[in-house]
Amino acid sequence: MSRRRTAGFTLIELLVTIAIGAVLIGLALPSFTDALRSSRVTSAANEFSASVALARSEAIRSGRTGYMCASVNGTSCGGQWNDGWLVWTDLNNNAVADADERPRRTESVRDVDLTATASAGGSTTALKFDNRGRLSEGGKRDFVLKAVSCRSGANQLRKFELSTTGQVTMEKDKCP
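Under our numbering, the first residue of the sequence shown is numbered 22, with each subsequent residue one higher.
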């Protein structure tokens, strides 16, 4: 009688391997979620900063008023910054994105919360740059961008300060 040796894994070995894999995935998933949130915040921060720079440079380039405003639909101003924003050059200086004033940039953001505060009575939902690239209404603006579900101590918060000269400074911070 010859003995045959079978090759392969037993059911018990497969179940133990699957259980170990599930535990490892369970341990890695929270850090992956934090990394994903941090990436979204960084991406939104970069887009926001680039949009401010575009509005400012368009105002200087065209010699007209450059606008950046909160926008829900990407074609007109309205809503909050975390809905998205719109950048355009105001050719007729009426503070409205008219049909002939093609948007230079529209952005919408996901899973981030963007709030603004203004000093000296400036608008918290619109930025207006004059032909020298300066904020033409109100004083400096402060913006805070963070992940919607920002875990305490996570590095998922960005603070922006927009000076009256149109310069943006950004710093990373931890969620409260």
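Ideal Cβ positions, reconstructed from N, Cα and C, are used throughout, including at glycine. Just so we're clear, the structure is a prediction, and the values are computed from it rather than from any experiment.
Host alpha helix (DSSP H) of Val-37 (start-end): That run of the alpha helix (DSSP H) goes 32-83.
Thr-185 CB to nearest heavy atom of the ligand ATP below 7 Å: Within the structure as shown, the ligand ATP is missing, as the structure has no ligands at all.
Residue range of the unbroken beta strand (DSSP E) whose run includes Cys-90: Run containing Cys-90: 86-91, per the beta strand (DSSP E) assignment.
Local Cβ density within 10 Å of Asp-111, reported as buried at 16 or more and exposed below that: A residue is called buried when at least 16 other Cβ atoms come within 10 angstroms of its Cβ; Asp-111 meets this threshold and is buried.
Phe-150 versus Glu-182: straight-line alpha-carbon distance, rounded: When rounded, the distance between both Cα atoms is 15 Å.
DSSP state of Asp-119 mapped onto helix, strand, coil: Note: Asp-119 maps to coil in three-state DSSP.
Straight-line Cα distance separating Thr-96 from Ala-71: Going by the C-alpha atoms only, they are around 19 Å apart.
Residue range of the beta strand (DSSP E) that includes Ala-147: Ala-147 -> beta strand (DSSP E) spans 147-150.
Own chain residues within Cβ distance below 7 Å of Lys-195, not counting five before or after: Result list for Lys-195: Gly-174, Ala-175, Asn-176, Leu-178, in chain order.
Inter-residue CB distance, Gln-101 and Thr-146 (contact presumed, cutoff 8 Å): Taking 8 Å as the upper bound for CB-CB distance, Gln-101 and Thr-146 are in contact here, some 7 Å apart.
Boundaries (first-last residue) of the beta strand (DSSP E) holding Arg-125: Neither: Arg-125 is in no beta strand (DSSP E) and is coded neither H nor E.
Host beta strand (DSSP E) of Lys-195 (start-end): Judged by DSSP secondary structure, Lys-195 falls outside any beta strand (DSSP E); it is assigned neither H nor E.
Exposure label - Ala-91; buried when at least 16 CB within 10 Å: Its Cβ being crowded by 16 or more others within 10 Å, Ala-91 is buried.
Where Glu-79 falls, given that 16 or more other Cβ within 10 Å makes a residue buried: Glu-79 counts as buried, since no fewer than 16 other beta carbons sit within 10 angstroms of its beta carbon.
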